[in-house]
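Enquirer: Residue numbers (our numbering): 96 to 259.
Note that the Cβ used here is the ideal one computed from N, Cα and C, for glycine as well.
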């Protein structure tokens with residue numbers, strides 16, 4: 096395993112993003128308050144940091160990284176679907192469930208979403224409750240809100256710059 100940390104934007108209220116990689120891909124990205132282990136990044140972790148920094152600067156809207164995911168077939172299917180939600184957009188648990196087989200899958204989609212090990216890169220923050228409310232995010236509701244606002248602001252600024 097290879098571990099690396101990057102400073103999180105101060106607005107998030109967490110000090111770092113911890114990135115864990117294998118030889119084949121990113122295994123996890125999560126928010127933390129302190130460095131809990133020594134860093135020993137590989138090239139994948141360094142590339143992940145670079146892409147995350149570009150995301151926070153508003154220069155990157157999607158990620159091109161190898162992932163090393165562990166989970167059930169259904170979880171992997173949900174996570175793949177999350178990666179299809181466009182930057183700045185949201186989908187409800189129910190919308191995803193319907194696309195994966197039926198509205199009765201909503202709870203299973205929520206469970207898979209909560210088990211997502213790779214924050215931001217697999218954009219589970221783009222999934223909202225059926226009533227439009229922000230619900231359930233491992234990093235906390237404030238971080239989820241900030242990430243969604245960040246994406247909307249990047250799109251708004253891009254649109255305004257295009258038309259000025």
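In chain order, what residues of the same chain lie with their CB nearer than 7 Å to the CB of residue 217, ignoring the 5 residues before and after it?
Expert: 174, 177, 178, 211
Enquirer: Is there contact here, the region 96-113 with the region 129-142, by at least three beta-carbon pairs under 8 Å?
Expert: yes
Enquirer: Cα separation between residue 203 and residue 131?
Expert: 32 Å
Enquirer: Hey, out of 197, 109, 119, 223, whose CA is closest to residue 183's CA?
Expert: 223
Enquirer: Counting only the same chain and skipping the five closest in sequence on each side, list residues whose C-beta sits under 6 Å from that of residue 200.
Expert: 192
Enquirer: Could you pull out every unbroken alpha helix (DSSP H) segment of at least 4 residues lying fully inside the region 118-190, listed in chain order?
Expert: 138-151, 168-177
Enquirer: Taking only the alpha-carbon atoms, compute the straight-line gap between residue 163 and residue 197 and give it to the nearest angstrom.
Expert: 28 Å
Enquirer: According to DSSP, is residue 213 helix, strand or coil?
Expert: strand
Enquirer: Based on the DSSP output, what are the partners of residue 98 in its beta bridges?
Expert: 115
Enquirer: Could you pull out every residue in the same chain whose Cβ sits closer than 6 Å to the Cβ of residue 127, ignoring the five residues on either side in sequence?
Expert: 111, 113
Enquirer: Out of curiosity, what's the CA-to-CA distance linking residue 230 and residue 239?
Expert: 9 Å
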